[in-house]
Structure formats: structure tokens, C-alpha cells
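Single-structure report; data block below.
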Amino acid sequence: MGVYNRAPLEVDRGRGARLWGKDGTEYLDCVQGISTNGLGHAHPVLVEAVKAQAEKLWHVSNIYKIPGQEELADKLVEASFADVVFFTNSGTEAVECALKTARKFHSANGQPERIDIYGFDGAFHGRTYGAINAAANPSYTEGFGPKMEGFHQLTWGDREALEAAFRAPTTAAVILEPVQGEGGCRETPVEELRWMRQMADETGVLLIFDEVQCGMGRTGKLWAHEWADMAPDIMAVAKALGGGFPIGACLASAHAAKGMTVGVHGSTFGGNPLAMAVGQAAFGAINTPEILSNVSEIAAYLKQQLNGLCERFPDVIVDVRGKGLLIGLKLVPNNRDFMGWARDEQHLLIAGGGDNCVRMLPPLNLTLDEAREAVERLERTCEFARTKMKAG
Ligand SMILES: *Cc1c(COP(=O)(O)O)cnc(C)c1O
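As C-alpha cells, this is what we get:
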């Protein structure tokens, strides 16, 4: 189906932060499958995990105890607020499970009227019906039939409306990305996240965090909400969880998962042995002090350099935002044009984003030399953009 606006780049192979096209051109990849290859391309530990598991067992149904599934769940539980985990194949399925868990909780808790889910403008939660309704971005919902009942959108930053939502008697949950990804790298202030936790505790509303993009070390802590010293009740994770292999997970406290009993949810592929082997390897390699401190170090360097570019090219870059290695640059020129110039002129791959941003989502193990190179290529792209814009 013609649903993708594809770049004119036929890819062939990758290694670390490098990606090669079929024509042999080498690119510096600061997209990484949209923050999915947390360890870059073809990381040897992941390659080994796939190979070893591929020779042993690929897939069995969840009617059996699956090797690796409990181990990865235990690791996620140990490293988070959660008590239980459900494995999926994608981010949107993890979000779907989160939404279902929230509604089912209230139903099991004797309050089936609590069905309302509040999301925010600029959010992205994936492409299933639940996820597009939760984010309520018109370009993803239009033409797909009636809006699903019980989904509402709030304006990001409108605390009054959010408080009213928390206090409404039919509210089930509030869902947000602690740092928005697709929406343009907007970070919810830590005080706001703490206040949400308080409101949720007071009202019994469940707090769902979508950390599909900002989780798994991307911000320099394993989970983005750790910066606020608080935790949600339910959390969707995916993208870097599998290091490039399709894995998602919905994490929840035992309290929030109260309604998720035998038979109410399931998946054929979710948590299969091959996925779990790669997931364990990826989790073990990402959740280390070395990787997390590398993220903070490289992010601090990039932030300083990019702020410098923003000062020197105010006609090109108007804002640097995001957290850790989830970096957004709000541009004057069209972001798609800019991405094309970076790719074709400088062989630097960057992603688009809402609010006319481009995003840099390099691997979490990016070296300082690679970061320098990314800045140089970005600087030359800014120079190129300037001449392009002068030429009209
Ligand atoms: C990518 C993304 C999703 C959807 O993940 P898929 O694997 O594409 O279904 C959901 N939420 C956020 C924040 C994302 O960045």
C-alpha cells in the first residue's frame, strides 16, 4: 500500500552508527529505525543472540511456558515500578494493552462507568484504532470512521483542563509520553509529572506512560519518568526494547493489572522464544551504567553544539529541544527539505517530526567522534539551507 513517504534511498547494510546504501554510499545514521536500534546496526551481542536462538526454537504458542519470557519480564520488573508484563510485537500493541488494562481495572474494581481516556495534542501512540483515538491526531483518524467513544484530547500544558479530567467521575486513565517523540520532542516538566502522580493517587485515575520512544535509555535513564522520581501505573515500551527486533511490552503494577486475568487478552507472536532471546540480549546490553552515562555525556555535548548552531544559524534553527539522545531541532526551512539536504549533500540521516522539527535519534552507544561528525555534517547542512533559502 502506498502509505509511506519514502526517501529515495535503497538501504543495504549497517554497522553501528553507519548505514550503507545499495550504491555503496555510507551514511551516518541518526535515525536508527526511529530510535529503535538502541545499540546501532548489527551489534555483535544481538547478532549472536539471534543466531543461537534461531537454531534452537523460534516460536511456540503462549499456551506453553516460553523460554526467556519470564526472565525478560523479571528483568523489566526489577528495573521498574511494574509487577507484571505483557509482551507484544510493536509499540501500538503495547499501547493497546495499556488502554485495555486501564479500562478493565475500573470494570473489575466495580466502576465500569470509568471508561474515559485522556490524551494530549502532539502525542503519538501508534496506528491501531485505540492508539489513534488516544492521540487524536486528525491526520491519522480522518476517514477511519467514527471517533471511538470515551477518548478525549487535552491541550498539552493546559493544567486546568487536565485537573478537570482527573476529577471527572468517569475518567479511567490519562495517557502521555513523558517526552513526546513524533510530536516534536516536547518534554513534560518534572513538576508536572509529579503533580499528575498526586492527582492520579487522589482520584483513582490510572496514569499510563507511553515510553515506546523515550524509554530504554534514550534520555540517559532507563525510563524517562525516572527524571521526575515518580512512576506511572501502566507503561508501554517497544522500539529499542528489541534493539531492532520487533518487541513491545506493557508493564503494569499488580494493582493496575487487577482486571487482566486468564483469557481477557493475548497474542500469537507476542513474547515468542526468538523475540525473548533478542530482547534479553538487548536489555542486558542497554541497561548498563556505561550506556546510560554515555547517553548523558554525548547528549550534553550535542546539546551544547546544537545550541551553538542555533545561535549562528537563527535563520535555519529556531529551537533545540528534547531530552538525552531524543533531540529535536525546530527549523525555519521545511523539515522534509532539510532532511533531504542532510541526506543527499552530507550523508547524514535524521528523522522528521511534528512542529516542523527534525529529530536526531542516534544509537545510545554513539562515540564522541561520531557525535562531532554529526554536528559537522549538520553545520554544513545549515550552510546549504541558508544558500538554498537565499536563492528562494
Ligand atoms: C513508535 C511509537 C509508537 C508505535 O510503535 P509501533 O511499533 O510503530 O506500533 C507508539 N508510541 C510512541 C511514543 C512511538 O514513538
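Under my numbering, residues 72 to 463 are what the sequence shown spells out, in order. Backbone N, C-alpha and C define an ideal beta-carbon position, used for all residues, glycine too. Everything numeric in this text was worked out from a predicted model, so none of it was measured.
Do residue j and residue i count as a contact pair if the criterion is CB distance below 9 Å?
i, j, result
"residue 282", "residue 248", "yes"
"residue 357", "residue 431", "no"
"residue 121", "residue 345", "yes"
"residue 199", "residue 166", "yes"
"residue 168", "residue 336", "yes"
"residue 280", "residue 160", "no"
"residue 196", "residue 186", "no"
"residue 226", "residue 232", "yes"
"residue 434", "residue 87", "yes"
"residue 324", "residue 153", "yes"
"residue 89", "residue 114", "no"
"residue 268", "residue 277", "no"
"residue 314", "residue 109", "yes"
"residue 147", "residue 285", "no"
For the alpha helix (DSSP H) containing residue i, list its first residue and its last residue.
i, result
"residue 267", "261–274"
"residue 426", "Segment: none, residue 426 is in no alpha helix (DSSP H) and carries neither H nor E."
"residue 452", "439–462"
"residue 94", "Element bounds for residue 94: n/a, residue is neither H nor E."
"residue 245", "Unbroken run through residue 245 is the beta strand (DSSP E), 242–247; no alpha helix (DSSP H)."
"residue 122", "115–125"
"residue 85", "Unbroken run through residue 85 is the beta strand (DSSP E), 82–86; no alpha helix (DSSP H)."
"residue 203", "200–206"
Return helix, strand or coil for residue i, following the three-state DSSP convention.
i, result
"residue 224", "strand"
"residue 363", "helix"
"residue 177", "helix"
"residue 148", "helix"
"residue 104", "helix"
"residue 388", "strand"
"residue 250", "strand"
"residue 435", "coil"
"residue 394", "strand"
"residue 184", "coil"
"residue 213", "coil"
Got a sec, what are the start and stop residues for the beta strand (DSSP E) residue i sits in?
i, result
"residue 294", "Looking at the DSSP string, residue 294 is not in any beta strand (DSSP E), and its letter there is neither H nor E."
"residue 412", "Premise fails: residue 412 lies in the alpha helix (DSSP H), 406–417, not in any beta strand (DSSP E)."
"residue 189", "187–191"
"residue 280", "277–281"
"residue 157", "155–159"
"residue 397", "397–402"
key: the segment 323–341 contacting the segment 166–176, beta-carbon criterion three pairs below 8 Å   = yes
task = Mind the definition here: the segment 301–315 touches the segment 411–424 only if three or more C-beta pairs lie below 8 Å; say whether that holds.
result = no
query = Any contact of the segment 367–382 with the segment 437–457, i.e. 3+ C-beta pairs under 8 Å?
reply = yes
inquiry  = Could you tell me which whole alpha helix (DSSP H) segments of length 4 or greater appear in the segment 303–361?
reply    = 344–357
task = Give a yes or no on contact between the segment 389–399 and the segment 421–435, applying the rule of three or more CB pairs nearer than 8 Å.
result = yes
ask   = Do the segment 248–261 and the segment 214–222 touch if we need at least three Cβ pairs shorter than 8 Å?
value = no
ask   = Using 8 Å as the Cβ pair cut-off and three pairs as the minimum, do the segment 128–137 and the segment 354–368 touch?
value = no
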